[in-house]
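Following: one structure in structure tokens, then a few remarks.
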Amino acid sequence: PKSRPLRPTKQSRSSSPARTRTRTISGLFGFVQLELAGELPFDDGRYLIRSGPAERVMVTETEGALPPARRRRRRPRKVLHDDTPVTVSVSVVTVIRADQPFADDREAEAWLDRLEDSGFTGDLLEDAIAAFDRARAAHAVAAGVPFGVPTRLESVLAARIGYGEGEQVASGRYQQAADVDARGGTAENRRERMARTGSLARTAAILGGRETAAACEVLLPRIRLDLETGNEAAARLSIASAIGATIGELEFALEDQDHERDLDRLEEMLPRLEEISRRAEQGSSEAADAEYAEEALEVAERVIRRRRILEQ
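The sequence shown finishes on residue 310 if you use the working numbering, and the numbering steps up by one all the way, no holes.
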């Protein structure tokens, strides 16, 4: 099939290929492409991302990039009326599934036909977002800045899934592709809507000084983020203190059997979690440490989630 451009390029701020090229990508591969509002924190280019046996090549390009920031701020000027729309940059992120080459066009087309399965499509989108967030997290560590928040499917402006020759896709072209509805299926159900409504009320209470945030409410999401972005060492280091805070701060938060049962389970797990955190302080770990930390994290997250819902 004739190759076609993935996206028309406008005012790209791509860096030199020599700076970001990881290796030549030969073969027929699937890709997921996401369009996101705003500029990325790292330069446009090509990045190799490994997570266990999985290997992805991420190619980024910014359309409508803003000019470099000035060293000095311009003097303010009065504006009576201005209908000029504000320009918004769009970042195009292409994640190539480099560890799963297709044997031939027939296999690639069969893979693309599976997009009729919403679950299969969702898994591909989540995989691409996970790779993108690992890159964001790695950049945050290298730059010494906070990571921010994970990318949500609801924030994707447009998405495309397809396949092509490796170098072809990496340079912005493909053989076959389909536009997919990335935001479809992300609407809130009743339980999620209740949790969000409750969080808005809690936000107002904290901002107004009527309530204070518990330490565990701050620590647990950070640990979840560390685990999801491949920073297991940081998660293991802080898991014991976060679980200890959960037990101490929420012990009498609810009169509920499930709540008490979960707190009892966390108390049982705490001694081993403290060992895990001590090992992390020394720069060592055992094979099952991350898995055990995640198990404790899931219980603690359930405690906070239950409290949020039942207190509404």
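Don't be surprised by glycine CBs; every beta carbon is placed ideally from N, CA and C.
Considering only heavy atoms of the ligand HEM, does any lie closer than 6 Å to the CB of residue i?
i: A180; result: Of ligands this structure carries none, so the ligand HEM is not represented either.
I'd like to know whether the C-beta of residue i is nearer than 7 Å to at least one C-beta of chain B.
i: A202; result: The displayed structure is made up of one protein chain only, and chain B is not part of it.
List the endpoints of the continuous alpha helix (DSSP H) containing residue i.
i: E139; result: Position check: residue 139 holds Val in this sequence, whereas Glu was assumed. Looking at the DSSP string, the run of the alpha helix (DSSP H) that includes V139 is S116 to A141.
i: E105; result: D103 to D111
i: G164; result: G164 to A168
Pick from the options: whose alpha carbon is nearest that of residue i?
i: H137; options: D42, R276, I159 and A298; result: D42
i: Y161; options: S169, V139 and R134; result: S169
i: R222; options: S24, A298, Y172 and D179; result: A298
i: L46; options: T210, L34, R68 and R132; result: R132
i: S24; options: A35, E165 and R158; result: E165
i: A156; options: A101, V139, T119 and D177; result: D177
i: G28; options: V167, E124 and P219; result: V167
i: Q280; options: E253, R234 and A243; result: R234
i: L261; options: A288, I302 and R171; result: I302
i: G36; options: V154, E249, A129 and R277; result: V154
i: N229; options: T201, L34, S49 and S197; result: S49
i: A288; options: A52, V139 and A232; result: A232
i: L313; options: V84, T119, T149 and G120; result: Because the chain in this structure spans residues -1 to 310, residue 313 falls outside the shown range and cannot be described.
i: E312; options: D102, S197 and D224; result: Because the chain is modelled from -1 through 310, residue 312 falls outside the range shown and cannot be assessed.
i: L122; options: S89, D102 and I159; result: I159
i: Q174; options: G120, G207 and E105; result: E105
i: A180; options: G117, T201, R220 and F145; result: G117
i: D224; options: F145, P51 and E107; result: F145
i: E309; options: A286, A285 and A251; result: A251
i: E53; options: R75, F40, P99 and G62; result: P99
i: W109; options: R277, L26 and L268; result: L26
i: E152; options: Y290, D103, A285 and L32; result: L32
i: F130; options: S87, D97, E61 and E226; result: E226
i: S316; options: E114, D103, L38 and T119; result: Shown here, the chain extends from -1 to 310; a query on residue 316 therefore has no answer.
i: L248; options: A135, R304 and G207; result: R304
i: S89; options: E114, G62 and T82; result: G62
i: R220; options: V147, E273, P51 and D125; result: V147
i: R270; options: F40, A286 and R259; result: A286
i: E127; options: Q255, V30, V84 and R259; result: Sequence inspection shows Ile at residue 127; the Glu mentioned does not correspond to that position. Minimum Cα distance to I127 is reached at V30.
i: E124; options: P51, Y290 and G182; result: G182
i: D102; options: E163, T119 and V143; result: E163
i: Y290; options: M267, R200, R306 and R171; result: M267
Name the two residues that bound the continuous beta strand (DSSP E) containing residue i.
i: A291; result: Looking at the DSSP string, A291 is not in any beta strand (DSSP E); the run it does join, the alpha helix (DSSP H), is D287 to L308.
i: V90; result: V88 to I94
Going by the DSSP bridge assignment, what does residue i pair with across the sheet?
i: V147; result: In DSSP, V147 forms no bridge with anything.
i: D97; result: D97 is not bridged to any residue.
i: R158; result: Q31 and D177
**Prompt:** What residue ranges within the segment 208 to 255 form continuous alpha helix (DSSP H) runs of no fewer than 4 residues, ordered along the chain?
**Reply:** 213 to 226 and 230 to 248
**Asked** Does the segment 289 to 300 touch the segment 237 to 245, meaning 3 or more C-beta pairs lie closer than 8 Å?
**Response** yes
**Message:** With three or more C-beta pairs closer than 8 Å as the rule, is the segment 93 to 107 touching the segment 38 to 57?
**Reply:** yes
**Request:** Kindly provide the ranges of any alpha helix (DSSP H) runs that are 4 or more residues long and lie completely inside the segment 27 to 84, ordered along the chain.
**Result:** none
**Request:** Spell out a yes or no on whether the segment 241 to 249 and the segment 208 to 228 are touching, meaning 3 or more CB-CB pairs, one atom from each, closer than 8 Å.
**Result:** yes
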